[in-house]
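Participant: Let me give you the structure first, and then I'll get to my questions.
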DNA sequence: GATGAATGAGGTTTCATTCAT
DNA sequence: CATGAATGAAACCTCATTCAT
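Chains as they are written, first to last, in the numbering used here: chain A, 218 to 448; chain B, 218 to 448; chain C, 218 to 448; chain D, 218 to 448.
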């Protein structure tokens, strides 16, 4: 039975206060709760009823503001990406020397993913849906652009200084860091269970964090083609 | 493709004849179709009706053989993991010298993930559900054990030969390789879309494949602590 | 018939007009029809579809208001008991002398059972289910309390006056009366059939009614131990 | 999911011994198990699958021997009544003087009901179904005849001796005793729960047993019309 | 702008029963 | 006699959504 529905004629009316006449607030609340619910249950698994129940408004309001479950999910997705990119923009490592800058960038990105597991989950969900929703959001690609900007700057600097290998670009590094960071959040349940370890508990969590730095840096420092034996 | 592996798309639509009274076959067909449908739509999104429609049996038979949607999903999950691990066991790189063995292992794993995207999707789905299903499958942990066995062997050999760094174990390497391989399948839609590239089309696909080898090998070859500056 | 009592057959088929947007009415109608259907078919035998069809609402509404078949049954059970006890409270025999009060109480209870066969049937059904449902209804025991109150009062009066035997309490008398009254309703089909008599047709019905009075009164008037021979 | 169905391809095969080629035995076993299941769950609530599972045969055999769920229930009902009447015939109280004979008959009947609660439950179930099944069983009325025979004999003797009142016949006494005995079994769950007492635990059980004797005897010994005041 | 009541379509599951050997 | 496999029909329940005020 859906919680949002009437069961007895005397259903509970909680937090009646602070309720009416603040459209912005209502909208924001719906969005916040929806983010949690979609992240927790997936698109199909999420229930409009549950979202409504965890809100101080009603199901009807969700349709009033967002029109449909799909459009609500779209709004959630867009907001999640914006928030993430905004946070990424806050990372400042430009003043450091390339090697250390890259390491810090990797490790801060790592922390960032750990803190934003709901976002990671939304991305997973979106991929389960083969990206059909994200493609409907205009401006999505602009939102994401700054992501590799700083990376590109550091990388070029390191390459110009002759420290970093040249057969690598910002996209590659970004992919490597992303893969690692996303994985330890996205796959924590299966991987953690199968190996009997909690990826986010000390000391493993610390080890995994610095390991990423090691991986990225040693890769960038390694001479091109060195590792690849003469075939 | 070996028997233990996932049955891939459209493998069951053949011969409408020879239909009834072959329980093993019926069961297997339901399982194969279910794998596709669950992988495609997720647990909540999958419809028992759809599975039935894509089968030569009826919805009723699904319940006859598996009891419930959940138990069906469990069977799919178990079979998928078994198939994957069996395939992993087929990788033979022991005769190579450590560096090349590791590189080949990484790249074969990469290929393997590309070919078995349905499995990756099931793992994602399972993680969306926080691993509640996988934990119900006894023997799951045994299934997974061989995964790091060979890796451990290669790594130890390389460390004994003084080629590989010592502050790394099989679990670490496995995690790095898994993260990279899973990511390029799991996140292909969002990542590919946001950067306007198809991760699985040449020449990018080839680059990404060999890049993994580079990353892993240069990391293992790098002296411990070298990359980390004195703080 | 009073408001609190069971709504009897065909009481809801009237006026098809004035249909929507009267939740109390809708709820009450579902409850009334459900009472009939559960009483007629038992818990397992009752069909939510049938209840819906005999209502001016839809099956969906039943779930909207009651959540599940079980909760609907629980509501029916609770309402049935409340109605009965309310009716019992209406019996007024306190002004009569004890012997006659008891006789009237017994005979009114008898009439009452004849009129409320749906309630008796629900009680039978509940006993078939070993009381699992009734135990889930809080306040059930409070509802029933007044049942023996008046009886206790009459009995004590009669005992103090030296008319009634002393080795008997209100619970005993209530059980005897209940057994007799319930039986002639509950077992009317098998008993009536096996003996080829309709328990509710004159003159048998009248005989059985006054016979209960005789039984109870002669028992209460008999000296203690008299009937029991010296062993 | 029904237990009787195939779930894994390797379902359990218990007690394979003592199984085949004994039709009488098989039939009897099905009947015995069915009695328990119908008595426990009612007609609609009983599951053919459950009956099959609690048997050493299969569901298919039930249909082989009995044709349908209804016919199986009919067989159960018939057997239950036969068994009960046979047991009743065993009661021998003819040699006692009328008052004591009646008391013993009542109390032995009481014991008998306590011991045969499954039969009582079947009777309840049959009454819930308004006796539609019992009417289909020919010879049912003959089965039941001896029930009042002995009672009639005792009663006549007592009346001839001038001990028992004359406005009462064997049917009346049988009804009173039946009502009391059936009730304490049939309604034990609701009545016991509502009054917080277990009708079948000492000392209440003993009290209720002898109370029935008191009730019947004092009623029969009371002069006609005495209790009924002049109106 | 806001809301409780209502709902059609479709979801999962279960039932007694029969088929084919 | 015996059986595992199969099944159509219908059961209970849930979904996102809209109505009427």
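Glycine included, each C-beta is placed from N, C-alpha and C at the ideal position.
Taking 8 Å as the CB-CB limit, is residue 343 of chain C close to chain D?
Facilitator: Yes, residue 343 of chain C counts as interfacial toward chain D.
Participant: Would residue 338 of chain D pass as an interface residue toward chain C - the criterion being a Cβ-Cβ separation below 8 Å?
Facilitator: Yes, contact with chain C.
Participant: Excluding sequence positions up to five away, which residues of its chain have a Cβ less than 6 Å from the Cβ of residue 293 of chain B?
Facilitator: Excluding positions up to five away in sequence, the list reads 251, 252 and 255.
Participant: Keeping to the same chain, check which residues put their C-beta closer than 6 Å to that of residue 381 of chain A; ignore five residues upstream and five downstream.
Facilitator: Result list for residue 381 of chain A: 375 and 437, in chain order.
Participant: Work out the CA separation of residue 343 of chain A and residue 349 of chain A for me, nearest whole Å.
Facilitator: Residue 349 of chain A and residue 343 of chain A: Cα-Cα distance of roughly 7 Å.
Participant: Assuming residue 396 of chain B and residue 406 of chain A make a contact with CB atoms under 8 Å, what is their CB distance in whole Å?
Facilitator: Contact doesn't hold; Cβ gap of about 15 Å is too wide.
Participant: Measuring only the C-alpha atoms, how far is residue 308 of chain A from residue 363 of chain A?
Facilitator: Straight-line Cα distance between these residues: approximately 11 Å.
Participant: Can you look up residue 228 of chain C in the DSSP assignment and give me helix, strand or coil?
Facilitator: With a pLDDT of 38 at residue 228 of chain C, under the threshold of 50, the modelled position of that residue is not reliable, and the figure given next carries that caveat. In this structure, residue 228 of chain C counts as coil in the three-state DSSP scheme.
Participant: For chain A, find out if any of its Cβ atoms is closer than 8 Å to the Cβ of residue 411 of chain B; answer yes or no.
Facilitator: Residue 411 of chain B counts as touching chain A.
Participant: Examine chain C for any beta-carbon lying closer than 8 Å to the beta-carbon of residue 367 of chain D, and answer yes or no.
Facilitator: So, not an interface residue.
Participant: For a test of the three-state rule: what should DSSP assign to residue 373 of chain D, helix, strand or coil?
Facilitator: If DSSP states are grouped into helix, strand and coil, residue 373 of chain D belongs with the helices.
Participant: Span of the alpha helix (DSSP H) holding residue 323 of chain B?
Facilitator: Here the alpha helix (DSSP H) through residue 323 of chain B covers 315-332.
Participant: Below 9 Å on C-beta distance, what does residue 395 of chain C contact in chain D?
Facilitator: The contacting residues are 400, 404 and 408.
Participant: Any Cβ of chain C within less than 8 Å of the Cβ of residue 262 of chain D?
Facilitator: It does; some Cβ of chain C falls within 8 Å.
Participant: Given that residue 259 of chain D touches chain C, what residues does it touch there, using C-beta distances under 9 Å?
Facilitator: Ordered by position in chain C, the residues that pass the 9 Å Cβ test against residue 259 of chain D are 259, 260, 261, 262, 342, 345 and 346.
Participant: Does the beta-carbon of residue 440 of chain D have 16 or more other beta-carbons within 10 angstroms, so that it is buried, or is it exposed?
Facilitator: Exposed: under 16 other Cβ atoms inside 10 Å.
Participant: Is any beta-carbon of chain B found at less than 8 Å from that of residue 435 of chain A?
Facilitator: It does: the Cβ of residue 435 of chain A has a partner Cβ on chain B nearer than 8 Å.
Participant: DSSP three-state call for residue 386 of chain A: helix, strand or coil?
Facilitator: Of the three classes helix, strand and coil, the one that applies to residue 386 of chain A here is coil, per DSSP.
Participant: Whole angstroms is fine: what's the gap from residue 373 of chain A's alpha carbon to residue 325 of chain A's?
Facilitator: C-alpha separation (whole angstroms): 20 Å.
Participant: Answer with buried or exposed for residue 241 of chain D, where buried requires no fewer than 16 other C-beta atoms within 10 angstroms of its C-beta.
Facilitator: The residue in question, residue 241 of chain D, is exposed, as its Cβ has fewer than 16 Cβ neighbours within 10 Å.
Participant: Do you know offhand how far residue 239 of chain A's Cα is from residue 297 of chain B's?
Facilitator: Distance between the alpha carbons of residue 239 of chain A and residue 297 of chain B is about 50 Å.
Participant: Whose Cβ in chain A lies nearer than 9 Å to the Cβ of residue 266 of chain B?
Facilitator: Those within 9 Å of residue 266 of chain B in chain A number zero; the least Cβ separation is about 14 Å.
Participant: Would you mind sorting residue 249 of chain B into buried or exposed? The rule is 16 or more other CB atoms within 10 Å of its CB.
Facilitator: That one is buried.
Participant: So, are the CB atoms of residue 368 of chain C and residue 391 of chain C less than 8 Å apart?
Facilitator: Yes, they are a contact pair.
Participant: From A/427, A/410 and A/385, pick the residue whose C-alpha is nearest to that of residue 425 of chain B; which is it?
Facilitator: Among A/427, A/410 and A/385, the Cα nearest to that of residue 425 of chain B is on A/385.
Participant: How big is the Cα-Cα spacing for residue 299 of chain C and residue 360 of chain C?
Facilitator: Cα to Cα, the separation comes out at about 6 Å.
Participant: Distance, Cα to Cα, residue 415 of chain C vs residue 333 of chain C?
Facilitator: Distance between the alpha carbons of residue 415 of chain C and residue 333 of chain C: 17 Å.
Participant: Can you tell me which of the three DSSP states residue 345 of chain C falls into?
Facilitator: Note: residue 345 of chain C maps to helix in three-state DSSP.
Participant: Return no unless some Cβ of chain B is closer than 8 Å to the Cβ of residue 255 of chain A.
Facilitator: Chain B contact via Cβ: absent.
Participant: Of all Cβ atoms in chain D, is any one closer than 8 Å to the Cβ of residue 389 of chain C?
Facilitator: Chain D contact via Cβ: present.
Participant: Which whole-angstrom value describes the C-beta separation of residue 246 of chain D and residue 272 of chain D, a residue pair presumed to lie in contact below a C-beta threshold of 8 Å?
Facilitator: The Cβ separation is near 6 Å, so the contact holds.
Participant: Classify residue 533 of chain A as buried or exposed, calling it buried when 16 or more other Cβ atoms lie within 10 Å of its own Cβ.
Facilitator: Examination of residue 533 of chain A is not possible in this model, given that chain A is present from 218 through 448 alone.
Participant: Check each residue of the region 272-306 of chain A: if its Cβ is closer than 9 Å to any Cβ of chain B, include it; give the result in chain order.
Facilitator: So the list reads 298, given in the order they occur along the chain.
Participant: Decide if residue 435 of chain A is buried, meaning its Cβ has at least 16 other Cβ atoms within 10 Å, or exposed.
Facilitator: Buried, because 16 or more other Cβ atoms sit within 10 Å of the Cβ of residue 435 of chain A.
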